[in-house]
Every structure is written in structure tokens, then in C-alpha cells.
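Novice: In terms of our numbering, the sequence shown opens at residue 1 and continues consecutively.
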Amino acid sequence: MTDAPRRTPLDALHRSLGASMTDFAGWDMPLRYGSERDEHTAVRTRAGLFDLSHMGEITVTGPQAGELLDHALVGNLSALAVGRARYTMICEPGGGILDDLIVYRLAGERYMVVANASNAQVVLDALTERAAGFDAAVADDRENYALIAVQGPESPGILGSLTDADLDGLKYYAGLPGTVARVPALIARTGYTGEDGFELFTAPDDAEPLWRALTAAGKDAGLVPCGLSCRDTLRLEAGMPLYGHELSTALTPFDAGLGRVVKFDKTTNGGRFVGR
1 MTDAPRRTPL
11 DALHRSLGAS
21 MTDFAGWDMP
31 LRYGSERDEH
41 TAVRTRAGLF
51 DLSHMGEITV
61 TGPQAGELLD
71 HALVGNLSAL
81 AVGRARYTMI
91 CEPGGGILDD
101 LIVYRLAGER
111 YMVVANASNA
121 QVVLDALTER
131 AAGFDAAVAD
141 DRENYALIAV
151 QGPESPGILG
161 SLTDADLDGL
171 KYYAGLPGTV
181 ARVPALIART
191 GYTGEDGFEL
201 FTAPDDAEPL
211 WRALTAAGKD
221 AGLVPCGLSC
231 RDTLRLEAGM
241 PLYGHELSTA
251 LTPFDAGLGR
261 VVKFDKTTNG
271 GRFVGR
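1) Count the other CB atoms within 10 Å of the CB of Ala107; is the residue buried (16 or more) or exposed (fewer)?
2) Identify whether Ser20 lies in helix, strand or coil by the three-state DSSP scheme.
3) Extract the residue ranges of the alpha helix (DSSP H) inside the stretch 194-239, only unbroken runs of 4 or more that lie entirely within it.
4) Roughly how many angstroms separate the alpha carbons of Val138 and Pro204, rounded to a whole number?
5) Pop quiz: Arg46 and Ala238 are said to be a contact at Cβ under 8 angstroms. What is the actual Cβ separation, rounded to whole angstroms?
6) The alpha helix (DSSP H) spanning Asp166 covers which residue range?
7) Do the stretch 209-227 and the stretch 247-257 meet, that is, are 3 or more Cβ pairs less than 8 angstroms apart?
8) With burial defined as no fewer than 16 other Cβ atoms inside 10 Å of the residue's Cβ, what is the status of Phe50: buried or exposed?
9) For Ala256 versus Phe198, is the C-beta distance shorter than 8 angstroms?
10) Could you check whether the stretch 16-27 touches the stretch 71-89, counting it as contact only if at least three pairs of C-beta atoms, one from each stretch, sit closer than 8 angstroms?
11) In the DSSP assignment, find the unbroken alpha helix (DSSP H) run with Pro156 in it and report its ends.
12) Considering only the beta carbon of each residue, do Asp99 and Val122 sit closer than 8 angstroms?
13) Can you say whether Pro63 is buried or exposed, counting buried as having 16 or more other CB atoms within 10 angstroms of its CB?
14) On the DSSP bridge list, what partners appear for Gln151?
15) Please look up how many angstroms separate the CB atoms of Ala207 and Ser161, rounded, as I've assumed it's under 8 angstroms.
16) Would Gly26 and Pro5 qualify as a contact pair, given that the criterion is a beta-carbon distance under 8 angstroms?
17) Give me the residue from Ala12, Arg15 and Gly66 with the minimum Cα distance to Val113.
18) From which residue to which residue does the beta strand (DSSP E) around Glu92 run?
19) By Cβ distance, which residues of its chain are closer than 6 angstroms to Glu143, with the 5 residues on each side in sequence left out?
20) Assign Arg272 to one of three DSSP states: helix, strand, or coil.
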């Protein structure tokens, strides 16, 4: 007997919008709301709204949080400035890719690692194991976050109408705490579409009011809800890899053409890291 798929805090809303649902990595997720072609075009020309609450948030804290991540991942995360994010990978000791990740440095001793839904437990287990000997703690924060993305050329105007945060000063791969429609959120200028856009990390109970506020603010700008189907075509068009397709344990970052994310000049841990 298999477990029933998990549902995001926005599940009932998706169904009320007539979304076609699918089991993705053990989650019931919206595949499309109508035509994936129309959703794809909306993101490229106007804006699209995505529920990404299936992603896996893992918090790493402590005096040696940066050193732990330098050891556990292929990137140089101790050098990451507070408020910035970095694309990186976690590898097996032999170099095979376990997952690709986005890491946000939220404070001097606090990082958030965002893993793909299908690999979140694998990443959590690997980080927990690799934390041995470091003055740092690894915590599973998946139940504490919902994640909504607004992507497309109209997204800055839509989000800007709902927040006092300095979006003009928010660089690509940066994030800052703020409020959106009076909802507390981490506002990150990141995405998986090849367009300008934002990812909003918020409490699960705040997901629906945030989604509804964004929908209302984006109505005149042509914002539409978007499912995983167009997210896949958007990332393919933008040349962004997906784990299980272009990335796997059979490939190293160099095999995948992403050797640039591997940093051999780390100054922590004597330059050693898992997978080197």
C-alpha cells in the first residue's frame, strides 16, 4: 500500500481553479490550469504565479554553519554575503550529484538550503551525517514554509504594488525579509523560468491570503496561475537542468556541464569537501 500524496496549503485553491493535478515526488501538485502553452506564454510576456510549496527547506545554523556547508557542498558558502543566494550542488563522495540546491545566507550563522522535493530527505540525511564534528545544527524546516513564485516581466510591478521592500535594489540571487500584502515573507529574486521574478517563502497559514493578494494585484497585468508542465518547458527553454533528467548520481557537475559551481579554492577545511 502506497502513501497518499502530500498536499500543499494551496491544494483546495488549485482545485477550485480547475487545475489538473498530478503526483510529483509524492506531492499532489497542479500540472496545468488550462493550456500549458498559454501559461508558458504568459510567463514570457506578462507574469505567472506558481505554488512551489513541495520544495524542501533545510536550515543550517551555528558558529560553523558556513564551514559545514563548505565541507558538505561543492560551493564556497562561507564566503556568501548575508542576504545573498547561490546555486550549488551536493555530491556523493565519488562525485555523483545527489541534488542541485539554492542556498540562502539569512544571517551570519544561519543558512537556508532549498532542495528539490524528490531529494529533500536525501539532502537532509546527507547534511545531518556530514555535520558531525562541526559546531552547527541541521534542521528540517519543510513543514514551516510555503513557497510561492511570481515570474515574468510584469512581476516587479505586481509585487511592488504589495510591498514596501526595495525591489529595485534587490539583485538577482539575493533575498530580504519583508511583508507582502501584510504577510511576512522572505522575498528572493530567484526563479526557475529564465525570466525576472521572485520567490516568496512564507508560513503555510499565510499562503492562501498571499496567493489571493498576488492574483488580485496582477489581474490587470495579465498574471495567470501556472502549473508544473509550463515550469518544465520554461526551464528547458532557459537551459536550466532538472534532477532526474539532466542531473543524477551517474553524473558529476563537470559531466553535466556545470563545473563552474565547484570551488576548489575554499579556504575552510583545508580546501577539502565531500566529492572532491
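Beta carbons are placed, not taken as given, at the ideal position from N, Cα and C, and that holds for glycine.
Specialist: By the coordinates alone:
1) Exposed: under 16 other Cβ atoms inside 10 Å.
2) Three-state DSSP puts Ser20 in a strand.
3) Here the runs fully enclosed are 207-217 and 228-237.
4) So the alpha carbons of these two residues sit roughly 21 angstroms apart.
5) In fact, because the Cβ distance is near 17 angstroms, the residues do not count as touching under 8 angstroms.
6) Note, Asp166: premise wrong, no alpha helix (DSSP H); not H, not E.
7) Verdict: no, contact absent.
8) That one is buried.
9) Their beta carbons are not under 8 angstroms apart, which means Ala256 does not touch Phe198 by this criterion.
10) Short answer: they don't touch.
11) DSSP places Pro156 inside the alpha helix (DSSP H), whose first and last residues are Ser155 to Gly160.
12) A contact, by the Cβ cut-off of 8 angstroms.
13) With fewer than 16 other Cβ atoms within 10 Å, it is exposed.
14) BP columns for Gln151 point to Gly48 and Gly197.
15) Rounded to the nearest angstrom, the Cβ distance from Ala207 to Ser161 is 19 angstroms, too far for a contact under 8 angstroms.
16) With a cutoff of 8 angstroms on beta-carbon distance, Gly26 and Pro5 are scored as near each other.
17) Taking only the C-alpha atoms, the option nearest Val113 is Gly66.
18) Counted as a single uninterrupted DSSP element, the stretch harbouring Glu92 is not any beta strand (DSSP E), since DSSP gives it neither H nor E.
19) Within the same chain, Glu143 has no close Cβ partners at all.
20) Here Arg272 sits in coil by DSSP.
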